[in-house]
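Working notes, structure below.
There are 2 protein chains.
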Amino acid sequence: MFFLTPVLVAVVCILILWIFKAADRSPEKKKGEPQTQPWVHEDLKDSSDLHQVEEDGDEWQESEEHVEHIPFSHTRYPEEEMVKRAQEFYELLSKRRSVRFISNEQVPMEVIDNVIKTAGTAPSGAHTEPWTFVVVTDPDMKHQIREIIEEEEKINYMKRMGARWVTDLRKLRTSWIKQYLDTAPVLILIFKQVHGFAANGKKKIHYYNEISVSIACGILLAALQNAGLVTVTTTPLNCGPRLRVLLGRPSHEKLLVLLPVGYPSKEATVPDLRRKTLDQIMVKV
Amino acid sequence: MFFLTPVLVAVVCILILWIFKAADRSPEKKKGEPQTQPWVHEDLKDSSDLHQVEEDGDEWQESEEHVEHIPFSHTRYPEEEMVKRAQEFYELLSKRRSVRFISNEQVPMEVIDNVIKTAGTAPSGAHTEPWTFVVVTDPDMKHQIREIIEEEEKINYMKRMGARWVTDLRKLRTSWIKQYLDTAPVLILIFKQVHGFAANGKKKIHYYNEISVSIACGILLAALQNAGLVTVTTTPLNCGPRLRVLLGRPSHEKLLVLLPVGYPSKEATVPDLRRKTLDQIMVKV
Chain S
1 MFFLTPVLVA VVCILILWIF KAADRSPEKK KGEPQTQPWV HEDLKDSSDL
51 HQVEEDGDEW QESEEHVEHI PFSHTRYPEE EMVKRAQEFY ELLSKRRSVR
101 FISNEQVPME VIDNVIKTAG TAPSGAHTEP WTFVVVTDPD MKHQIREIIE
151 EEEKINYMKR MGARWVTDLR KLRTSWIKQY LDTAPVLILI FKQVHGFAAN
201 GKKKIHYYNE ISVSIACGIL LAALQNAGLV TVTTTPLNCG PRLRVLLGRP
251 SHEKLLVLLP VGYPSKEATV PDLRRKTLDQ IMVKV
Chain X
1 MFFLTPVLVA VVCILILWIF KAADRSPEKK KGEPQTQPWV HEDLKDSSDL
51 HQVEEDGDEW QESEEHVEHI PFSHTRYPEE EMVKRAQEFY ELLSKRRSVR
101 FISNEQVPME VIDNVIKTAG TAPSGAHTEP WTFVVVTDPD MKHQIREIIE
151 EEEKINYMKR MGARWVTDLR KLRTSWIKQY LDTAPVLILI FKQVHGFAAN
201 GKKKIHYYNE ISVSIACGIL LAALQNAGLV TVTTTPLNCG PRLRVLLGRP
251 SHEKLLVLLP VGYPSKEATV PDLRRKTLDQ IMVKV
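Sequence lines, in order, name chains S and X. Residue 270 in full-length UniProt numbering sits at position 270 of the first sequence, with consecutive numbering throughout. Residue 138 in full-length UniProt numbering sits at position 138 of the second sequence, with consecutive numbering throughout.
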């Protein structure tokens, strides 16, 4: 016969709480279990697109005002011209490459202003325009940015990523040496504003801020290519907070992308990569 | 004097485990505490850009091959022409608006092919090109898409979002009625591939897939505007899994954006919104 000794009670309590804690994690664990139905079943349980708004939902602020609608004015081209314009724009953009060898020659700042104005025409969730473009031309500041990035990147390459990550990127001949951060005449650091502030000073959540700012970045890349400038799209790993502090940006702004911008250096090379064909990326229904 | 009765031990055990569990959550809780130092201190604790790669790190696959470098060929314009091209591209893009009133008139499919080819020139993390563009022109399929979206959106508006969300979007005159999903001749559903497959069939993580696909989406929006077509950037809330199953896309693809594409209808209106000025979005250092 068992007695409820203090020790036994302690063990039972620990077991019960352990079971409760394990139960909290069960939805994740189930993912690994074999499914009795095909992938359609698992698909419908997928809630990857649910969390973003639901988590933020209770911080959403009152609307500021009712915005009037006005007639939309549109430029329509004849069909033949549409086809020609679309073809020419494809040809222009298809020549864009990520270039890591950037000349130290200065670029017209009027062009930089215009490409950033162009990026600012991007759509954004609830018209929040949650972007800040920091344009760095000061050589000292560029060098400080380089030092932070190289320091962190070296740690990434050597330690955090493990041998496989280093191997995988080697084929693109990247490394933790980022000379272009000194030589490029302009660095554009694109920050996403994860929230803004309402008129009353309260936080105003910026829904879909990462998608919005990345779309603006895509338009910026198109504008740079159109102007005959080159860049390489970089997401400096683990450097966001230090670069933000260096540049004096507030804590609700997070670094998304850093673009060194300029002309290609004379000896610039690019990896001999192929792009997927149209039938590899498009499905018609 | 207290005795170690079984009940007392049970209570003590529960308290101890509760404290342990609470300790697990402490980094989150600390965010709410008043900071003794200015925002710089909190900034440096920010690790918002750390998690993405670290979580995925152990699934990273071996590289496939070493890619040769080739000389980069570049088109350089005279400075005056650069300025002019940048200005003209800004003017073209600045006329882009999100248009919710789309005519049922057919558009040249050659243009659609070209704008998607153009989007496919976007850069992507480790050149993974993690995008699938599903082009829907079939009226029945468009209508099924509309039914799914309206059903979910109605639930979103009425229940999930609460009164404040509904008020906030009202100023843009959106609602859960999405007529453009029937009338627009083309719907482009852009999926991000959260991972791919290596030659050996193992999962190959697509780093920064959301940023990459959003950048491609930005280039697609520029290409549509250049061709004289209109769209509205939508992220149908909670509909991703059902739409993916409807369109027969595999579970590693997640719906990011849906673009109804066509000509504006004759009575099309847009909210009378202003964009931020250059000095509101750009900082020079």
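Every residue, glycine too, gets a C-beta built ideally from N, C-alpha and C. Note that the coordinates shown come from a computational prediction; the quantities given were computed from them, not determined experimentally.
Please report how far the alpha carbon of R115 of chain X lies from the alpha carbon of N200 of chain S, in whole angstroms. By 1-based counting over the second sequence, the position of residue 115 of chain X is 115. By 1-based counting over the first sequence, the position of residue 200 of chain S is 200. What sits at residue 115 of chain X in the sequence shown is Val, not Arg. Straight-line Cα distance between these residues: approximately 43 Å.
Select from X:A86, X:V283, X:L189, X:A222 the residue whose C-alpha is nearest the C-alpha of R96 of chain X. Along the second sequence, one-based indexing puts residue 96 of chain X at 96. In terms of Cα proximity to R96 of chain X, the closest of X:A86, X:V283, X:L189, X:A222 is X:A222.
Confirm, please, whether the CB-CB distance from A184 of chain X to G262 of chain X is below 8 Å. Looking up residue 262 of chain X in the second sequence gives position 262. Looking up residue 184 of chain X in the second sequence gives position 184. Yes. Within cutoff.
Through-space distance from E79 of chain X to A216 of chain X, alpha-carbon basis: Taking the first residue of the second sequence as 1, we reach residue 216 of chain X at position 216. Taking the first residue of the second sequence as 1, we reach residue 79 of chain X at position 79. Going by the C-alpha atoms only, they are around 28 Å apart.
Between the segment 114-129 of chain S and the segment 100-109 of chain X, do three or more beta carbon pairs fall short of 8 Å? No, the segment 114-129 of chain S is not in contact with the segment 100-109 of chain X.
Output needed for E91 of chain X: all residues of its chain with C-beta closer than 6 Å, excluding positions within five of it in sequence on either side, in chain order. Position 91 of the second sequence, counted from the first residue, corresponds to residue 91 of chain X. Contacts found: none.
Taking any Cβ of chain S, which residues in the segment 87-100 of chain X have a Cβ under 8 Å from it, in chain order? With the criterion set as a beta carbon lying under 8 Å from some beta carbon of chain S, the members of the segment 87-100 of chain X are Q87, F89, Y90, L93, S94, K95, R96, R97, S98, V99, in sequence order.
Minimum Cβ-Cβ distance from residue 314 of chain S to chain X less than 8 Å: The displayed coordinates of chain S run from 1 to 285. Any statement about residue 314 of chain S would go beyond what the structure contains.
Boundaries of the beta strand (DSSP E) in which H69 of chain X is found, first to last residue: Looking up residue 69 of chain X in the second sequence gives position 69. DSSP places H69 of chain X inside the beta strand (DSSP E), whose first and last residues are 69-71.
Can you tell me whether DSSP reads K117 of chain S as helix, strand or coil? On the first sequence, position 117 is the one that residue 117 of chain S refers to. In this structure, K117 of chain S counts as helix in the three-state DSSP scheme.
Of the residues S:L237, S:D272, S:V285, which one's Cα is nearest the Cα of V67 of chain X? Against the second sequence, residue 67 of chain X aligns to sequence position 67. The candidate whose alpha carbon is nearest that of V67 of chain X is S:D272.
Tell me whether S98 of chain X sits in a helix, a strand or coil according to DSSP, three-state version. The residue you call residue 98 of chain X lines up with position 98 of the second sequence. S98 of chain X falls in the strand class under three-state DSSP.
Just the C-alpha distance for I155 of chain X and I177 of chain X, rounded to the nearest angstrom, thanks. Here residue 155 of chain X corresponds to residue number 155 of the second sequence, with the count starting at 1. Here residue 177 of chain X corresponds to residue number 177 of the second sequence, with the count starting at 1. Near 12 Å, if we compare the C-alpha coordinates of I177 of chain X and I155 of chain X.
Separation of H206 of chain S from E153 of chain X, as counted between CA atoms: On the second sequence, position 153 is the one that residue 153 of chain X refers to. On the first sequence, position 206 is the one that residue 206 of chain S refers to. Looking at the two C-alpha atoms, the distance is approximately 19 Å.
Mind checking if T269 of chain X is an interface residue toward chain S, Cβ cutoff 8 Å exclusive? Stepping through the second sequence from its first residue, residue 269 of chain X is reached at position 269. By this cut-off, T269 of chain X is an interface position.
Please report the distance separating the alpha-carbon of W39 of chain S from that of Q193 of chain X. To locate residue 39 of chain S, count along the first sequence from 1; it is residue 39. To locate residue 193 of chain X, count along the second sequence from 1; it is residue 193. Annotation note: pLDDT 35 at W39 of chain S (below 50); position unreliable, no value reported.
Closer than 8 Å, CB to CB, is N209 of chain S near chain X or not? In the first sequence, residue 209 of chain S corresponds to position 209, counting from 1. At a cut-off of 8 Å between beta-carbon atoms, N209 of chain S makes no contact with chain X.
Using a 10 Å radius around the Cβ and a threshold of 16 neighbouring Cβ atoms, would you call E253 of chain S buried or exposed? As a first step, residue 253 of chain S is located in the first sequence; it is residue number 253 there, counting from the start. Buried is the call here.
So what does M282 of chain X bridge to, in DSSP terms? Indexing the second sequence from 1 puts residue 282 of chain X at position 282. Residue pairing of M282 of chain X in beta bridges, as defined by DSSP: S:F133.
Per DSSP, the bridge partner or partners of T234 of chain S: Locating residue 234 of chain S in the first sequence gives position 234, counting from the first residue. S:L258, per the DSSP bridge assignment.
Name the chain S residues that come within less than 7 Å of P71 of chain X, Cβ to Cβ? The residue you call residue 71 of chain X lines up with position 71 of the second sequence. For a Cβ distance threshold of 7 Å, residue set T269 of chain S lies close to P71 of chain X, ordered along the chain.
Span of the alpha helix (DSSP H) around G218 of chain X: By one-based count along the second sequence, residue 218 of chain X stands at place 218. From DSSP, the alpha helix (DSSP H) with G218 of chain X extends over 209-227.
What does DSSP give as the partner residue(s) for K204 of chain S in the beta ladder? Looking up residue 204 of chain S in the first sequence gives position 204. In the DSSP secondary-structure assignment, K204 of chain S is bridged to S:G196.
Return the Cβ separation of L93 of chain S and L189 of chain S in integer angstroms, given the expectation that the two are a contact with Cβ distance under 8 Å. Along the first sequence, one-based indexing puts residue 93 of chain S at 93. Along the first sequence, one-based indexing puts residue 189 of chain S at 189. No, L93 of chain S and L189 of chain S are not in contact; Cβ-Cβ is about 23 Å, not under 8 Å.
When the distance is taken between beta carbons, is P108 of chain X closer than 8 Å to Y180 of chain X? Your numbering for residue 180 of chain X matches position 180 in the second sequence. Your numbering for residue 108 of chain X matches position 108 in the second sequence. At the C-beta level, Y180 of chain X and P108 of chain X stay beyond 8 Å of one another.
Residues bridged to L273 of chain S [DSSP beta-bridge criterion]: In the first sequence, counting from the first residue as 1, residue 273 of chain S sits at position 273. DSSP lists no partner for L273 of chain S.
Could you spell out where the alpha helix (DSSP H) holding R146 of chain X opens and where it closes? Within the second sequence, residue 146 of chain X is the residue found at index 146, counting from 1. Segment 139-155, the alpha helix (DSSP H) holding R146 of chain X.
Within the 8 Å Cβ cut-off, does N104 of chain S reach chain X? As a working note, residue 104 of chain S is residue 104 in the first sequence. So no, N104 of chain S is outside the interface.
Extent of the continuous alpha helix (DSSP H) to which L243 of chain S belongs: Along the first sequence, one-based indexing puts residue 243 of chain S at 243. That run of the alpha helix (DSSP H) goes 240-246.
Return the first residue and the last residue of the alpha helix (DSSP H) that Y77 of chain S is part of. To locate residue 77 of chain S, count along the first sequence from 1; it is residue 77. Counting along the chain, Y77 of chain S falls outside any alpha helix (DSSP H), and DSSP gives it neither H nor E.
Let me check understanding here. Comparing Cα to Cα, which of S:R274, S:V283, S:L278 lies closest to I70 of chain X? What you label residue 70 of chain X is simply residue 70 of the second sequence in a count that begins at 1. Closest option to I70 of chain X, judged by alpha-carbon separation, among S:R274, S:V283, S:L278: S:R274.
Tell me whether G32 of chain S sits in a helix, a strand or coil according to DSSP, three-state version. By one-based count along the first sequence, residue 32 of chain S stands at place 32. With a pLDDT of 35 at G32 of chain S, under the threshold of 50, the predicted position of this residue should be treated as unreliable, though the coordinate-derived value follows. In this structure, DSSP gives G32 of chain S a state outside helix and strand, which the three-state scheme calls coil.
Between X:D182, X:T277, X:V111, which has its C-alpha nearest M141 of chain X's C-alpha? Residue mapping note: residue 141 of chain X aligns to position 141 of the second sequence, counting from 1. Looking at the Cα atoms, X:D182 is the closest of the given residues.
Can you list, in chain order, the residues of its chain whose CB lies under 8 Å from that of I219 of chain S, leaving out five sequence neighbours each side? Locating residue 219 of chain S in the first sequence gives position 219, counting from the first residue. The residues T118, A119, T121, A122, in chain order, have a CB closer than 8 Å to that of I219 of chain S in the same chain once the five nearest residues on each side in sequence are set aside.
If I measure Cβ to Cβ from L237 of chain S and keep anything under 6 Å in the same chain, skipping five residues before and after, which residues do I get? For the purposes of this step, residue 237 of chain S is taken as the residue at position 237 of the first sequence. Answer for L237 of chain S: N156, listed in chain order.
In terms of DSSP beta bridges, what is P264 of chain X paired with? Translated into the one-based positions of the second sequence, residue 264 of chain X becomes position 264. As a beta-bridge residue in DSSP terms, P264 of chain X pairs with X:I102.
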